[in-house]
Amino acid sequence: MTGRLFNRETSWLQFNERVLSLASEPGVPLLERVKFCAICSINLDEFFQVRVAALKDQVAADITTQSLDGLNPQQQLAVIAESVGALVLRQEGLLLGVLLPELKRQGLVVLDWAELELAERNELSGVFERRIFPVLTPLAVDPAHPFPYISNLALSLAAMVSDPDTGERRFARVKVPTVFPRLIALSDGRRFVPVEQVIAAHMHMLYTGMVVEECSTFRVTRNADLTLEEEEADDLLAAVELELRRRRFGNAVRLEVQSGMSAEMVDLLVRELDVERADVSFHATMLDLSCLMQLVGIDRPDLKDVPWPPVTAGRIAAAEEAERSIFSVIRERPLLVHHPYESFASSIESFIAQAADDPKVQSIKMTLYRAGGDSPIVRSLIRAAERGVQVAVLVELKARFDEAANVGWAKTLERSGVHVAYGLVGLKTHAKCVLVVRNDDDGLRRYCHIGTGNYNSRTARLYEDVGFITSDPDVGADVTQLFNHLTGYSRIHDYRNLLVAPRTMRDQLLDLIEHEAALGEQGAIKVKLNSLADPALIEALYEASTAGVSIDLIIRGLCCLVPGVPGMSENIRVRSQLGRYLEHSRLMWCAHGDQADDREPRPLYLIGSADWMPRNLDRRIEVLVPVTHPKHQAWLDQVFDFTLAKDSVRWELDAEGCWHRRGPERFSDGDAQERFYRWVAERQRR
């Protein structure tokens, strides 16, 4: 740390530590705690595939550029290795010492093969012979069989086998297939054995007549980030498909092995996979703890969160009861919907579905960043196109780890007659926008949705996001101009209402912060983001703090800003909120940001897709929209009030870069999300 900025990678790892801390929280049901332990591993996999891989590429290219806090790539890798090692030790200690014993007390047991009775071993041997053995492919390494390619994140068994007659020894590898569950259930359905242990116990059947001297599990993580030279790609769709095929051959960046693997075996894997010894991690638990999600899926409601059924926004519910369209509701005044507290299906999905079937609708345009699997929204777009509506969809093919799904959707949409575009060269389209043009009785009218989250029905039940639907002519003109820019060859002009990156958003945000700074102690700013790492905005916040502005930052993930430093950031407070929902909305409130010549300054409220990161502000299409209706502003005030409450469970960042858990001892006594859900549900009942 230079004193002004925290390291981005370290800050992200601290976020994952906070995720893991939920696995030990009193008041969180047991299977939910197991879920957070699994999520920690899933997050680490992505971190290595992208962030660690990028740093290793820089080292290989002899790049010595320093990070924001003054570390070169090699130094950052050393810090990461130390932090990840400590995190994994904590995770495994929590799993072995707390979670698995508590699961056992609740009748759910993960067993080692060595713990099984003879009858149980015979039962699993039958399962192996019927279901597992037929799909296994044993591989050996010898002069005629080179070392096999190990695919990214695949779980494998490494064995050393020898010929009892000649004494000749060979390395062997068996890939653990994913066509059956990772945890094999015994007949009682409550006890489980990892499938790799079942396979290991039967390795002699795969290498008949040979002696299996050693058998251990290992797993390789590879560079999985897409590298596209878009300027040279005549066909972006084809270029992404090619990169997806290449991804499985990315360089190895991490080797996870089972504790107890011999030094001989480790050395062989290090050599053949071309990794450094520093890239090897030894594990006392199962490798790839994402398999714990299988336990989370067990039907034990007594060990899970009590469900919070999403409510239907009041005005939408009234319209449904009166058999009115959602367009009539929006014409009266805009809608603000808050997912997943309020139903995504009855609002956003319904808005697009009604547009697809409404004979008065003439065109639909939207951005798709992460559509997900069986998407009702995509089905609506296809239905609209097939009945003759002009439908244009901007599919972001480069949405990380959703590239393959988006390629599939792009092809499906094109076959249905949808005009599909892939955005602008060098920029990701991360904005969340829909534009519906409808021939109302009094003329053409534009209905727009702008949100903070993806048009993904599955994640909309898990991610906290805000959406705004309006028929305001100025917003409609801005969104029309945005789509013309994205799908056509129009020049960019100034927008009336929207803040749009990369053109003007950073400068406009800087202006808002500087305006509050000019007011000194009367100024106030509240911001809710996933990530904060943009140096220019951080410096502006420091200057505002020095001027006396009160600043509250709610940052779920990484934060490079250093709070609480006298003379620099003493008026800035940073907290992180975690819970059953992934906090995903991006909100900004400035006490005096909404200013016109003919009236006193009023608070300005903004919602949208952009985090305060260089990539969002420089290399992505992002959109923020002002929220002006008093009732909607009051709703956002309530979001800030619950999140910033002094008696809520939260994590606070200090000037040394340490996060401290604050609030009631039991998580359930200070769960801001639960308080907000009950507030929303009570409003609906009234």
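Heads up: the sequence shown begins at 6 in the numbering used here, then just goes up one per residue. Note that the Cβ used here is the ideal one computed from N, Cα and C, for glycine as well. Remember, predicted model here, so these are calculated numbers, not experimental data.
Go through its chain and collect everything with a Cβ distance to residue i's Cβ below 8 Å, but skip five positions before and after it.
i, result
"leucine 18", "Phe52, Ile85, Ser88, Val89, Leu92"
"cysteine 296", "Ala43, Arg187, Leu188, Pro199"
"leucine 449", "Gln367, Val442, Arg443"
"serine 286", "Val89, Gly90, Val93, Arg259, Leu260, Glu261, Val262"
"leucine 101", "Ala289, Thr290"
"proline 608", "Trp594, Cys595, Ala596, His597, Gly598, Asp599, Gln638"
Measuring CB to CB, does residue i end up less than 8 Å from residue j?
i, j, result
"leucine 587", "glycine 613", "no"
"alanine 350", "valine 334", "no"
"alanine 485", "arginine 443", "Per the sequence shown, residue 485 should be read as threonine rather than alanine. The answer is no: Cβ separation not under 8 Å."
"arginine 338", "proline 507", "no"
"alanine 229", "valine 398", "no"
"phenylalanine 647", "phenylalanine 681", "yes"
"leucine 592", "leucine 641", "yes"
"phenylalanine 356", "isoleucine 474", "yes"
"leucine 534", "aspartate 616", "yes"
"valine 217", "histidine 209", "yes"
"serine 581", "isoleucine 560", "yes"
"glycine 378", "threonine 464", "no"
"serine 221", "valine 275", "no"
"serine 380", "serine 264", "no"
"valine 271", "threonine 226", "no"
"serine 522", "valine 567", "It is alanine, not serine, that sits at residue 522 in the sequence shown. No, they are not a contact pair."
"glutamine 678", "glycine 584", "yes"
"tyrosine 427", "isoleucine 353", "no"
"lysine 40", "methionine 298", "yes"
Express the C-alpha separation of residue j and residue i in angstroms, rounding to a whole number.
i, j, result
"proline 34", "aspartate 310", "6 Å"
"histidine 150", "phenylalanine 176", "11 Å"
"valine 394", "serine 368", "5 Å"
"serine 29", "proline 635", "40 Å"
"threonine 551", "cysteine 595", "17 Å"
"aspartate 193", "leucine 27", "30 Å"
"proline 606", "glycine 528", "11 Å"
"valine 301", "tryptophan 118", "22 Å"
"alanine 650", "alanine 639", "16 Å"
"phenylalanine 152", "lysine 61", "23 Å"
"serine 130", "alanine 205", "11 Å"
"valine 439", "threonine 372", "7 Å"
"glycine 626", "asparagine 489", "Note that residue 626 is isoleucine in the sequence shown here, rather than glycine. Isoleucine 626 and asparagine 489: Cα-Cα distance of roughly 13 Å."
"leucine 432", "glutamate 469", "26 Å"
"aspartate 676", "leucine 308", "18 Å"
"valine 396", "alanine 389", "7 Å"
"glutamate 237", "aspartate 477", "Reliability of the predicted coordinates at glutamate 237 is poor, the pLDDT of 42 falling under 50, and the value obtained from them is presented with this limitation in mind. Each residue's Cα considered, the two are about 40 Å apart."
By Cβ distance below 6 Å, which residues in the same chain neighbour residue i in space, the five residues on each side in sequence not counted?
i, result
"glycine 112", "Arg195"
"asparagine 256", "Asn228"
"histidine 343", "Val471"
"methionine 573", "Tyr547"
"leucine 340", "Ile474"
"valine 57", "Val258"
"asparagine 77", "Thr69, Gln71"
"glycine 32", "Arg671, Phe672, Ser673"
"leucine 558", "Val532, Val579"
Got a sec? Which residues, its chain only, sit under 7 Å from residue i by beta carbon, not counting five neighbours each side?
i, result
"serine 16", "Leu563, Cys564, Cys565"
"valine 184", "Val140"
"tyrosine 610", "Trp594, Pro631, Val632, Gln638, Leu641"
"asparagine 502", "Asp479, Val480, Asp483, Val630, Pro631"
"glutamate 22", "Leu92"
"aspartate 239", "Its pLDDT being 49, under 50, aspartate 239 is placed unreliably in this model, and the value from its coordinates should be taken loosely. Hits under 7 Å: none found."
For the alpha helix (DSSP H) containing residue i, list its first residue and its last residue.
i, result
"aspartate 623", "619-623"
"phenylalanine 645", "635-648"
"cysteine 42", "35-52"
"glutamate 269", "268-278"
"tyrosine 427", "No alpha helix (DSSP H) contains tyrosine 427, which DSSP labels as neither H nor E."
"phenylalanine 20", "13-26"
"tyrosine 547", "540-551"
How would you write the range of the beta strand (DSSP E) that residue i sits in, first residue to last?
i, result
"glutamine 367", "366-373"
"arginine 463", "Looking at the DSSP string, arginine 463 is not in any beta strand (DSSP E), and its letter there is neither H nor E."
"threonine 222", "216-227"
"alanine 190", "188-190"
Could you tell me whether the region 656-676 touches the region 543-554, where touching means 3 or more Cβ pairs closer than 8 Å?
-> The region 656-676 is not in contact with the region 543-554.
Taking one C-beta from the region 381-389 and one from the region 509-517 each time, how about it: are there three or more such pairs within less than 8 Å?
-> no
Take every Cβ of the region 36-50, pair it with every Cβ of the region 312-322, and state whether three or more of those distances are shorter than 8 Å.
-> Using a C-beta cut-off of 8 Å, the region 36-50 makes no contact with the region 312-322, since fewer than three inter-stretch Cβ pairs fall below that distance.
contact_flag[the region 337-355, the region 411-430] where n(CB pairs < 8 Å) is 3 or more = Remark: fewer than three beta-carbon pairs, one from each stretch, lie closer than 8 Å, so the region 337-355 and the region 411-430 are not flagged as touching.
Can you find at least 3 beta carbon pairs, one from the region 131-146 and one from the region 65-74, that sit closer than 8 Å?
-> no
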